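Below: one structure, written as structure tokens.
Number of protein chains: 2
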Amino acid sequence: MKRGFLVILSGPSGAGKNTVLDATMDRCSDLQYSVSATTRPRRKSEQDGVDYFFLTEEEFQRRVRAGEFLEWAEFCGHSYGTPLAYIEECLEQGHVVVMDIDIEGARQVKDKMPEAVFVFLLPPTMAELENRLRGRSTDSDEAIRQRLGKALEELKAGIDYDYVILNDKIAKSAAKLEAIITAERCRVKHSEYFELLEDIVGRNRE
Amino acid sequence: MKRGFLVILSGPSGAGKNTVLDATMDRCSDLQYSVSATTRPRRKSEQDGVDYFFLTEEEFQRRVRAGEFLEWAEFCGHSYGTPLAYIEECLEQGHVVVMDIDIEGARQVKDKMPEAVFVFLLPPTMAELENRLRGRSTDSDEAIRQRLGKALEELKAGIDYDYVILNDKIAKSAAKLEAIITAERCRVKHSEYFELLEDIVGRNRE
Numbered sequence: 001m002k003r004g005f006l007v008i009l010s011g012p013s014g015a016g017k018n019t020v021l022d023a024t025m026d027r028c029s030d031l032q033y034s035v036s037a038t039t040r041p042r043r044k045s046e047q048d049g050v051d052y053f054f055l056t057e058e059e060f061q062r063r064v065r066a067g068e069f070l071e072w073a074e075f076c077g078h079s080y081g082t083p084l085a086y087i088e089e090c091l092e093q094g095h096v097v098v099m100d101i102d103i104e105g106a107r108q109v110k111d112k113m114p115e116a117v118f119v120f121l122l123p124p125t126m127a128e129l130e131n132r133l134r135g136r137s138t139d140s141d142e143a144i145r146q147r148l149g150k151a152l153e154e155l156k157a158g159i160d161y162d163y164v165i166l167n168d169k170i171a172k173s174a175a176k177l178e179a180i181i182t183a184e185r186c187r188v189k190h191s192e193y194f195e196l197l198e199d200i201v202g203r204n205r206e
Numbered sequence: 001m002k003r004g005f006l007v008i009l010s011g012p013s014g015a016g017k018n019t020v021l022d023a024t025m026d027r028c029s030d031l032q033y034s035v036s037a038t039t040r041p042r043r044k045s046e047q048d049g050v051d052y053f054f055l056t057e058e059e060f061q062r063r064v065r066a067g068e069f070l071e072w073a074e075f076c077g078h079s080y081g082t083p084l085a086y087i088e089e090c091l092e093q094g095h096v097v098v099m100d101i102d103i104e105g106a107r108q109v110k111d112k113m114p115e116a117v118f119v120f121l122l123p124p125t126m127a128e129l130e131n132r133l134r135g136r137s138t139d140s141d142e143a144i145r146q147r148l149g150k151a152l153e154e155l156k157a158g159i160d161y162d163y164v165i166l167n168d169k170i171a172k173s174a175a176k177l178e179a180i181i182t183a184e185r186c187r188v189k190h191s192e193y194f195e196l197l198e199d200i201v202g203r204n205r206e
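Protein chains in written order, with the numbering used here: chain A, 1 to 206; chain B, 1 to 206.
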């Protein structure tokens, strides 16, 4: 079985990561959504191993110390993380695994799994931001920077990603993400023909 | 205007490069097909600069010596080549330029324009080839190699390409090539947002 690959959809808050990923999964039934581990209590409607892997705070922290998370973070007093062994297993089974995650989480993934596919989603307001940055020459650089400081700080991570999508229409963004995944399946290194080509190169080298 | 990029569709003879590229161009009206220069006489139906750039043998050879072709070759006593300045101009105008070309031509392009996108098309018979290579354990490696020598020699170039498509169905292959082009338009370095992101990184660096 050809190993799958991991697709990270990240970007500033308000970019619409979750909505775009949901729309993409509706279009592509063969994507595997990454299940997170969490210390927050299980709700009645939730299934362990399906919605989340539910862990005690103690077990979660043990795993953090053991480096068993691909990335992790705290939100509202609870811990959330992506189990590395679980992702590895999905990839070994040949799945294309998708995750939507904030910029800091994506940075952690890049450290542990630099070969993942990183897609940066720009918020719909980016066009407006662009106009402000480029158009209004009456504003000094200093004034622009102060007003947009936080947004710029978040956006600057985008330069190190593989792909960038401006999320002006959800369906359009989902179609682009689908195309990126289709293209990545055709990448020589991801392709089911990679081993065969390697084999052929090896034979000819003899 | 954001600079475009060049997409090379190559592969062994009989892979169906021309058919797949035609089908892809039918789907995507915004692709620019690369016009070749040639020394063969112009037919009545053909327009200079549209079907080909028609050159004298003398002028063609002068351009070869001056390094003015991205790639060139001889077929049936005539010379054919891709003018570098023409491709540069199309790219500067922001076009996605597509070419179908044989493996040796693609090798020349890789030398002169390594940043182009290289797509390797595997012939429909590849599945059969794969069976022969992997399945028939009664054949010795030597016997396989002798029988498939030429095919293997051609296929081995594929390992250095960016993408690989098995051309089992033309429409499917064209859809994959279209997805690759859509994805490449979203590549950070090809994206219209690249300069903006660079600009933001620069501002934050001050």
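C-beta: ideal position from N, C-alpha, C; glycine also. Since we're looking at a predicted model, the values are computed, not measured.
Would you call residue i buried or exposed, if buried means 16 or more other Cβ atoms sit within 10 Å of its Cβ?
i       : result
G14(B)  : exposed
G49(A)  : exposed
L197(B) : buried
F75(A)  : exposed
S29(B)  : exposed
A171(B) : exposed
E212(A) : This structure leaves residue 212(A) out entirely; chain A is present only between 1 and 206.
V119(A) : buried
R63(A)  : buried
G81(A)  : buried
A66(A)  : exposed
E71(B)  : buried
E57(B)  : exposed
E192(B) : exposed
R136(B) : Legend: pLDDT at R136(B) = 49, less than 50; position of this residue unreliable, value from coordinates given subsequently. Looking at its Cβ environment, which holds fewer than 16 other Cβ atoms inside 10 Å, R136(B) is exposed.
Please decide whether residue i counts as near chain A, where near means a Cβ-Cβ distance under 7 Å.
i      : result
L9(B)  : no
L31(B) : no
A66(B) : no
G16(B) : no
Shortest alpha-carbon distance to residue i belongs to which of the options?
i       : options                          : result
G105(B) : H95(B), P124(B), Y86(B), S79(B)  : S79(B)
D100(A) : L9(A), R107(A), P114(A)          : L9(A)
L155(B) : I87(A), F69(A), Q93(A), E195(A)  : E195(A)
L152(A) : V201(B), Y52(B), E153(B)         : V201(B)
Q93(B)  : G4(B), V188(B), K189(B), R185(B) : G4(B)
I103(A) : R185(A), F60(A), P12(A)          : P12(A)
M113(A) : K2(A), L6(A), A73(A)             : L6(A)
H190(A) : D22(B), R107(B), I159(B)         : I159(B)
V188(B) : R185(A), I180(A), Q108(A)        : I180(A)
So, does the CB of residue i fall closer than 7 Å to a CB anywhere in chain B?
i       : result
K189(A) : no
K172(A) : no
Y80(A)  : no
L6(A)   : no
L21(A)  : no
Identify, in the order they occur along the chain, each residue of the same chain with its Cβ nearer than 8 Å to the Cβ of residue i, setting aside the five sequence neighbours on each side.
i      : result
R27(B) : A174, A175, E178
A73(A) : S79, Y80, G81, D102, E104, G105
M1(A)  : E92, Q93, G94
So which residues of chain B does residue i contact, with C-beta pairs closer than 8 Å?
i       : result
L197(A) : L155, K156, G158, I159, V164
Chain B partners of residue i, CB-CB under 7 Å?
i       : result
T182(A) : K176, A179
V201(A) : K156, I159
C186(A) : Y163, V164, I165, K176, I180
Leaving out the 5 sequence neighbours to the left and right, which residues in its chain are closer than 6 Å to residue i when beta-carbon positions are compared?
i       : result
A85(B)  : none
F54(A)  : R42, D48
I165(A) : L121, S173, K176
Q32(B)  : C90, H95, V97
T24(B)  : A174, L177, E178
A157(B) : I103
R40(A)  : H78
E206(A) : Low per-residue confidence applies at E206(A): pLDDT is 48, beneath 50, and the placement is therefore not dependable, though the value from the model is reported in the following sentence. Correct list: empty, nothing qualifies.
F60(A)  : T39, S79
K110(B) : none
Q108(A) : E71
Enumerate in chain order the residues of its own chain whose CB-to-CB distance from residue i is below 7 Å, with the five nearest sequence positions on each side excluded.
i       : result
N167(A) : A15, G16, V20, L121, L122, P123, P124, S173
Y52(B)  : V35, S36, A37, T38, E46
E68(A)  : P83, L84, A85
Y161(B) : F118, V119, F120
K44(B)  : none
A183(A) : none
I87(A)  : L6, S34, L70, V97
Taking residue i as the query, report the chain A residues whose CB atoms sit under 7 Å from its CB, ordered along the chain.
i      : result
L70(B) : The premise fails here: L70(B) is roughly 22 Å from chain A at the closest Cβ pair, so nothing lies under 7 Å.
At 8 Å on the CB atoms, spell out the chain A contacts of residue i, in chain order.
i       : result
L122(B) : Y193
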